[in-house]
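Enquirer: Chains C and X are the protein sequences, given in the same order.
Per our numbering, residue 9 is the first one in the first sequence, and the count goes up by one each step.
Per our numbering, residue 2 is the first one in the second sequence, and the count goes up by one each step.
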Amino acid sequence: MDEPMNYALIGEDGVVSNTIWLCSANRGDFPNAVCVANRPVAIGDEYAGGAFTRVGEVVLTYPEQIALLNERILELEALLSNNA
Amino acid sequence: MRLIRKALMVMGGFTSTDFTYTGTYVWVQDTSSNWRLKFLTSGTFTPLKPVVVDAFLVGGGAGGRDGAANLRGGGGGGGGRTMTALSQMLSANTAYSVVIGAGGARNASGGTSSLSLLNLSAAGGTAATNPVGGAGGSGGGGGDSGAGGSDGSNGASSNFAGGAGQGSTTREFAEAGATLYAGGGGAGGGQYSYQGAGGIGGAGGGANGGAAAAGTGGSASANTGGGGGGGGSDDDSTTGAGGGGGSGILIIRNKRN
Chain C
9 MDEPMNYALI GEDGVVSNTI WLCSANRGDF PNAVCVANRP VAIGDEYAGG
59 AFTRVGEVVL TYPEQIALLN ERILELEALL SNNA
Chain X
2 MRLIRKALMV MGGFTSTDFT YTGTYVWVQD TSSNWRLKFL TSGTFTPLKP
52 VVVDAFLVGG GAGGRDGAAN LRGGGGGGGG RTMTALSQML SANTAYSVVI
102 GAGGARNASG GTSSLSLLNL SAAGGTAATN PVGGAGGSGG GGGDSGAGGS
152 DGSNGASSNF AGGAGQGSTT REFAEAGATL YAGGGGAGGG QYSYQGAGGI
202 GGAGGGANGG AAAAGTGGSA SANTGGGGGG GGSDDDSTTG AGGGGGSGIL
252 IIRNKRN
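1) Output, in sequence order along the chain, the residues in the stretch 84–110 of chain X whose CB is closer than 8 Å to any CB in chain C.
2) What are the boundary residues of the beta strand (DSSP E) that includes residue 48 of chain X?
3) Let me know the secondary structure DSSP gives residue 62 of chain C once reduced to three states.
4) Using a threshold of 7 Å, is the CB atom of residue 253 of chain X nearer than that to any non-hydrogen atom of the ligand HEM?
5) From the beta carbon of residue 177 of chain X, is the nearest beta carbon of chain C less than 8 Å away?
6) List the DSSP bridge partners of residue 1 of chain X.
7) Between the C-alpha atoms of residue 30 of chain X and residue 73 of chain C, what's the straight-line distance to the nearest angstrom?
8) Find the residues of chain C that neighbour residue 148 of chain X, judging by a C-beta separation of less than 8 Å, and give them in chain order.
9) Between the alpha carbons of residue 153 of chain X and residue 129 of chain X, how many angstroms are there, rounded?
10) Report yes or no: is there a C-beta of chain X within less than 8 Å of the C-beta of residue 61 of chain C?
11) Is there a Cβ of chain C sitting closer than 8 Å to that of residue 163 of chain X, yes or no?
12) Pull up the distance between the alpha-carbon of residue 19 of chain C and that of residue 86 of chain C, whole angstroms please.
13) Using only the alpha-carbon positions, how far apart do residue 28 of chain X and residue 254 of chain X sit?
14) Where does the unbroken beta strand (DSSP E) through residue 250 of chain X begin, and where does it stop?
15) Using the three-state DSSP reduction, which class does residue 41 of chain X fall into: helix, strand or coil?
16) Output needed for residue 9 of chain X: all residues of its chain with C-beta closer than 8 Å, excluding positions within five of it in sequence on either side, in chain order.
17) Where do the ends of the alpha helix (DSSP H) carrying residue 87 of chain C lie?
18) Please say whether residue 143 of chain X and residue 134 of chain X have beta carbons closer to each other than 8 Å?
19) Given a cut-off of 8 Å, decide if residue 220 of chain X and residue 204 of chain X are closer than it, judged by their beta-carbon atoms.
20) Which residues, in order along the stretch 116–141 of chain X, keep a beta-carbon less than 7 Å from a beta-carbon of chain C?
21) For residue 121 of chain X, collect the residues of the same chain with a Cβ closer than 7 Å to its Cβ; drop the 5 residues on either side in sequence, then sort them by chain order.
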């Protein structure tokens, strides 16, 4: 079943002008729409090269944020053990 | 003569076979002569005969704010704004773009719903500025544990202010007793003030806030324009995520009154 998802409408300036609820079956009605699914994209974010950014930082999904934090925890633990 | 013929066509009734729509919709036959057409996802609407309609739009609800690291519950997301426009003329064989505003992700405002060519639009709810509730059709609750507003009211203030509501009803076609939309999200519970339970979401689709023990805020349902619930915050600064807002809706009906 074609479940609707969140899509970002991208302006000519590469800035997200709106977020809409849309099914993939008729995404052709909105040629400037990019599917964001669970990525927390907001109006005003920028889109370039296939990635959404906000104030220069890539907009990460919640699982991506957790993975990044876990990586940093491991790095810190390694630093601490080296200094022990 | 052309004007009379056009008027007769409009008066001839509009049925579920007199249009095409590329997105998803629901046709509701209220009585033998009264109908409503609910657009649930974005698409292109093409009436096959001219028709005069009343239109009701709801923007997407904002997502709830994550719990704050200073032990404060996140503010509730604002419900989507609403608008009603009566006696709108739709032309035959004209493609109207129907945009259904998305519910905002956590910490983000909702999208705008609109109907092209008639310049009708309803903005999405505004995300909370932690821990103050977000503004919108109905305001989001303020941290900690403030309840979401309903029917255009402000969100409840707690330790922090609730978000401002639009000050007018969010009922369908602004009619008393009609279906309620755009409830504000409840704020998350905050451990700092030992307010454990999350705030109750406002009637009309507002989602509940998460409990203080780093609970996740509830997400509003699709096509309600409800605000997402704020995330809770624990005493070790563990925080819960805010919930997503609910997508908006656009409804047209045969001209009444």
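Idealized CB from N, CA, C, for every residue including glycine.
From a predicted model like this one, the values you see are computed outputs, not experimental measurements.
Expert: With the given structure in hand:
1) Answer in chain order: 98, 100, 101, 102, 103, 104, 105, 106, 107, 108, 109, 110.
2) DSSP places residue 48 of chain X in the uninterrupted beta strand (DSSP E) bounded by 44–48.
3) In this structure, residue 62 of chain C counts as strand in the three-state DSSP scheme.
4) What this structure holds is no ligand at all, so the ligand HEM is not there to describe.
5) Judged by the 8 Å Cβ criterion, residue 177 of chain X is not in contact with chain C.
6) Residue 1 of chain X is absent from the structure shown; chain X starts at 2 and stops at 258.
7) Rounded to the nearest angstrom, the gap between the Cα atoms of residue 30 of chain X and residue 73 of chain C is 47 Å.
8) Here the premise fails: no neighbours, minimum Cβ distance about 25 Å.
9) About 16 Å.
10) Cβ-Cβ to chain X under 8 Å: no for residue 61 of chain C.
11) Residue 163 of chain X does not count as touching chain C.
12) Distance from the CA atom of residue 19 of chain C to the CA atom of residue 86 of chain C, rounded to whole angstroms, is 44 Å.
13) Looking at the two C-alpha atoms, the distance is approximately 10 Å.
14) Per DSSP, the unbroken beta strand (DSSP E) holding residue 250 of chain X starts and ends at 250–255.
15) Three-state DSSP puts residue 41 of chain X in coil, outside helix and strand.
16) In this predicted model, residue 9 of chain X has a pLDDT of only 49, less than 50, meaning its place in the structure is not dependable; the value taken from the coordinates is given anyway. Apart from the 5 residues on each side of it in sequence, residue 9 of chain X has no Cβ closer than 8 Å to any other Cβ in its chain.
17) Unbroken alpha helix (DSSP H) run through residue 87 of chain C: 70–91.
18) Result yes, Cβ atoms of residue 134 of chain X and residue 143 of chain X sit closer than 8 Å.
19) No, the pair does not count as a contact, with Cβ atoms beyond the cut-off.
20) Going along the stretch 116–141 of chain X in chain order, one finds no residue with a Cβ nearer than 7 Å to chain C.
21) Around residue 121 of chain X: 56, 58, 84, 86, 115.
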